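For the protein sequence lines, the chains are A and B, in the order given. Numbered as in the numbering used here, the first sequence ends at 262 without a single skipped number. Numbered as in the numbering used here, the second sequence ends at 424 without a single skipped number.
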Amino acid sequence: MSTVISLNGIVKRFYIGQPNELEILHGMTFDVEAGTFVSIVGQSGSGKSTLMNIIGALDRPTEGKYLLDGLDISTANDATLSAIRNKKIGFVFQTFNLISRTSALKNVELPMLYGGIGPKERHDRAMELLRIVDMEERALHQPSELSGGQKQRVAIARAMANNPSIILADEPTGALDSRTGRLVMDLFHKLHEEQGKTIVFITHNNELAAETDRIITIADGNVINDTGLRNKPTAARKLSQSDLPEGAAESGVAAVAGKEGK
Amino acid sequence: MGIWENVLLAIAGLRANRMRALLTMLGIIIGISAVITISTLGSVMQSFISGAFSDLVTMDSINVYSTQKPDPARNYYLEEDDYSIECINDMADRFSDDISAYAISAGTASGTVSDGKKSRNINIKGVNEYGIKADSFKMLKGRNVSAEDIEKYRQVCVISNRQAKTLFGSVDNALGKTFTAYVKSDNKSSTMRDYTIIGIYEYKMPAIISMLVGGRQDNDWNSDVYAPYSTICRETNTEVRFYYFTVYAKDANKAPEVAQKIKEYFDETFYANNDSYMCYTEANSQQLDQINNVLNIVKIVMSVIAAISLLVGGIGVMNIMLVSVTERTREIGVRKALGAPNSAIRIQFIVESVIICLIGGIIGITIGVSMGMIASIIAKATIAPPIFTVIVAMGFSMLIGVFFGYYPANKAAKLDPIEALRYE
């Protein structure tokens, strides 16, 4: 089983060299295997968001090494980070963050648009993804015409658009009532089991975390508890999380990064 | 991501905020239409004024004057400072290859014409056979003043079609009639003489005068009577001398060159021993050039003023784009999280600003060209649509889009995705 996320001694500091220098992460180290549904649990101020930003390639660590699918994020430039976010990571946010005044379909197409996929293929794949999340009939609706749960399902479809290595979900049920939250959670389970997706689930809801394969608890910028893999991976999980052969994904990112790099 | 996808994205962005996009466009619309209208108006004015000027004079004519030297030995004027008929004839012989004719007019006299019942005040101008042409009039009936008339001091004259109508009822009726004129001169009491009408010229009010007097064609502005200069000079008891006369170049294009040669000729011959006066020549084409230069400056100044409104419009675009970037900070954050590179964000906003300016530009051009066309119809000037200005205006409005869109777009592109996602 291959390692998707490899964090090694990750330190994040802000206001470096200034009197109010602040260290949020104090050298975190853990790996996540492909096909795992892992939850990261922690209270507010524990460093959860900072960790998520680093895992999501939105930010670079001050110290330490972060490999995503074998690619070194720690030293990548902005253009490379953009390409990595596009190809390797699917974000699901607490507040959905769909682009307003744009149909659900166009929202799902967006990562593929930035990924340079042609209009026809984009449309077909977006419709397929909307079908998976059971939002096919609402494809042409704008976010303002959708309920919270529906918005989150569109957001999940969008997160899967470029068939990323990981889905990074930041409190995806936080803005939903418990029943709708349950439906969204079931959808994650479905994606995990049927499609073998690696899902990083950030939450402070211990009940929801308990449903996942592995729980990493952080506090004050340190990992204080890691359950490790609690279940044996299912057959579905053994499926490759990508249709691409070994190495192709990396070269794809490199090509995009090279094209968009200045 | 192709440019077409960026355009679609930008259009979607603009449609989301129609009213604002429209108001922003308004600045560009006003700016562009002002520039085009004013530059068309400038061309209309230019064509109108040069047309009016061409009505008054012909391009092959060269005006020859007697003028004071910059450092004259005396401050009074002598008869010998003006051109004599002999020296003019010598010049005409000398430049027979370059000039076709010369027109002189001398000994203007004022008098009263009477047919027994009606009487009216007139000017009688002593001219040679080209004098009427020099005043830009055409013969309508009968014949012009001839060299023979001049030589024989004939009491003949050419009057205008309007005088003919006033005095004799019609043009045909006037021809061959005789009228009496009392001519006043400086050193002689009024002389009463009979003049036989040998020809009628068509009086046409020059367009520029017509414009000044409000187009009232019946206004009796200038309606001279032309008679042989020899006759008039004898009446007014003045020597045949010319302070000014007109020469016609055979080739209008060479008129400025011929003008210079004539000046040199007179300065070396007629004015060689004159301590205070010299020759001054000016081809009409040179005058037209000067008028055009002035008009061009006026046009440029007006266009610059219009361009300032365009600049204000451009700043409006920048302002709105900055507001738009701030308003859509979160959206920018989401796009970045989904993998939009900085360049894609930058292009998205620049394309938006260019589209605002381009649509504004197209509307502005349409308005400007229509206004210009209306103005040219009113002024009865045929002005081709200013294609060049239109192309420049299109290019310029795109440039405004890029220029004033770049700063806000760059601001958007450089946003930190984490900060942008957190923005409320």
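C-beta atoms are modelled at their ideal positions from N, C-alpha and C, and glycine is treated no differently. In this text, all values refer to a predicted model and were calculated from it rather than measured experimentally.
Please decide whether residue i counts as near chain B, where near means a Cβ-Cβ distance under 8 Å.
i              : result
residue 36(A)  : no
residue 241(A) : Here the model assigns residue 241(A) a pLDDT of 39, short of 50, so the residue's position is not dependable and the matter cannot be decided.
residue 258(A) : Residue confidence for residue 258(A) is low, a pLDDT of 43 falling below 50, so the modelled location carries little weight; the figure read from the coordinates is stated next. No - not a single Cβ of chain B is within 8 Å of the one on residue 258(A).
residue 18(A)  : no
residue 233(A) : Only weak support exists for where residue 233(A) lies, its pLDDT of 48 falling under 50; the value from the coordinates is given anyway. No, because no Cβ of chain B sits closer than 8 Å to the Cβ of residue 233(A).
residue 102(A) : yes
residue 236(A) : The predicted model places residue 236(A) with a pLDDT of 40, which falls under 50 and marks its position as unreliable; any figure quoted below should be read in that light. With 8 Å as the cut-off, residue 236(A) does not count as an interface residue toward chain B.
residue 201(A) : no
residue 275(A) : In the structure as shown, chain A starts at 1 and stops at 262, and residue 275(A) therefore has no counterpart that could be examined.
residue 285(A) : Because chain A is modelled from 1 through 262, residue 285(A) falls outside the range shown and cannot be assessed.
residue 14(A)  : no
residue 91(A)  : yes
residue 74(A)  : no
Please state whether the Cβ-Cβ distance between residue i and residue j is less than 8 Å.
i              : j              : result
residue 4(A)   : residue 212(A) : no
residue 379(B) : residue 35(B)  : no
residue 326(B) : residue 420(B) : no
residue 401(B) : residue 317(B) : yes
residue 183(B) : residue 124(B) : yes
residue 35(A)  : residue 168(A) : no
residue 16(B)  : residue 101(A) : yes
residue 229(B) : residue 126(B) : yes
residue 66(B)  : residue 279(B) : yes
residue 47(A)  : residue 218(A) : yes
residue 58(A)  : residue 418(B) : yes
residue 172(A) : residue 89(A)  : no
residue 132(B) : residue 226(B) : yes
residue 174(B) : residue 164(B) : yes
residue 171(B) : residue 161(B) : yes
residue 193(B) : residue 239(B) : no
residue 359(B) : residue 25(B)  : yes
Please name the residue, chosen from the options, that lies closest to residue i on a Cα-to-Cα basis.
i              : options                           : result
residue 425(B) : 352(B), 231(B), 389(B) and 257(B) : For residue 425(B) there is no data in the structure shown, the boundaries of chain B being 1 and 424.
residue 243(B) : 227(B), 342(B), 290(B) and 82(B)  : 82(B)
residue 13(B)  : 348(B), 407(B), 133(B) and 134(B) : 348(B)
residue 61(B)  : 257(B), 201(B) and 331(B)         : 257(B)
residue 104(A) : 164(A), 6(A), 156(A) and 83(A)    : 156(A)
residue 174(A) : 160(A), 202(A), 221(A) and 117(A) : 202(A)
residue 313(B) : 281(B), 86(B), 331(B) and 404(B)  : 404(B)
residue 407(B) : 389(B), 274(B), 375(B) and 351(B) : 351(B)
residue 368(B) : 18(B), 6(B), 4(B) and 37(B)       : 37(B)
residue 84(A)  : 60(A), 64(A) and 220(A)           : 60(A)
residue 288(B) : 59(B), 155(B) and 7(B)            : 59(B)
residue 299(B) : 19(B), 25(B) and 46(B)            : 46(B)
residue 340(B) : 416(B), 388(B) and 105(B)         : 416(B)
residue 122(B) : 391(B), 167(B) and 423(B)         : 167(B)
residue 144(A) : 131(A), 125(A), 95(A) and 159(A)  : 95(A)
residue 423(B) : 392(B), 303(B) and 332(B)         : 332(B)
residue 305(B) : 6(B), 344(B) and 33(B)            : 33(B)
residue 74(A)  : 91(A), 51(A), 205(A) and 87(A)    : 51(A)
So which residues on chain A does residue i lean against when the C-beta distance must stay under 8 Å?
i              : result
residue 323(B) : Going along chain A, no residue has its Cβ under 8 Å from residue 323(B), so there is no contact; the nearest lies around 16 Å.
residue 331(B) : 99 and 100
residue 379(B) : What residue 379(B) touches in chain A: nothing, since even the nearest Cβ is about 48 Å away.
Give the residues of chain B in contact with residue i, contact being defined as C-beta atoms less than 9 Å apart.
i             : result
residue 86(A) : 338, 339, 340 and 341
residue 78(A) : 341 and 342
Residue i versus chain A: which residues are under 9 Å apart at the beta carbon?
i              : result
residue 5(B)   : 113 and 119
residue 393(B) : Per Cβ cutoff of 9 Å: no residues; residue 393(B) is ~32 Å from chain A at best.
Can a CB atom of chain A be found closer than 8 Å to the CB of residue i?
i              : result
residue 427(B) : Outside the modelled stretch of chain B, which goes from 1 to 424, sits residue 427(B), for which no answer is possible.
residue 16(B)  : yes
residue 12(B)  : yes
Closer than 7 Å by beta-carbon distance: list the chain A residues that pair up with residue i, in chain order.
i              : result
residue 418(B) : 53, 58 and 59
residue 409(B) : Within chain A, no residue comes near residue 409(B); the closest Cβ sits about 15 Å away, beyond 7 Å.
In chain C, which residues lie less than 8 Å from residue i when you measure between Cβ atoms?
i             : result
residue 83(A) : The chain inventory of the structure shown lacks chain C, comprising the protein chains A and B.
ask   = For the 8 Å Cβ check, are there 3 or more pairs between the region 310 to 323 of chain B and the region 398 to 416 of chain B?
value = yes
query = For the region 95 to 102 of chain B against the region 257 to 268 of chain B, are there 3 or more C-beta pairs whose distance is under 8 Å?
reply = yes
task = Say whether the region 102 to 118 of chain A touches the region 130 to 141 of chain A, bearing in mind that this needs 3 or more beta-carbon pairs closer than 8 Å, one atom from each stretch.
result = Because the criterion of three Cβ pairs below 8 Å is met, the region 102 to 118 of chain A and the region 130 to 141 of chain A touch.
key: Touching by the beta-carbon criterion (3+ pairs, under 8 Å), the region 358 to 365 of chain B and the region 23 to 35 of chain B   = yes
ask   = Does the region 293 to 308 of chain B come within contact of the region 70 to 78 of chain A, defined as at least 3 CB pairs closer than 8 Å?
value = no
task = Check whether the region 111 to 123 of chain A touches the region 145 to 154 of chain A, taking contact to mean three or more Cβ pairs, one atom from each stretch, closer than 8 Å.
result = no
inquiry  = Across the region 181 to 199 of chain A and the region 17 to 35 of chain A, are there enough close Cβ pairs to call them in contact, namely three or more that are closer than 8 Å?
reply    = yes
inquiry  = If contact is defined by three or more beta carbon pairs under 8 Å, each pair taking one atom from either stretch, is the region 173 to 188 of chain A in contact with the region 4 to 13 of chain A?
reply    = Contact fails: fewer than three Cβ-Cβ distances are below 8 Å.
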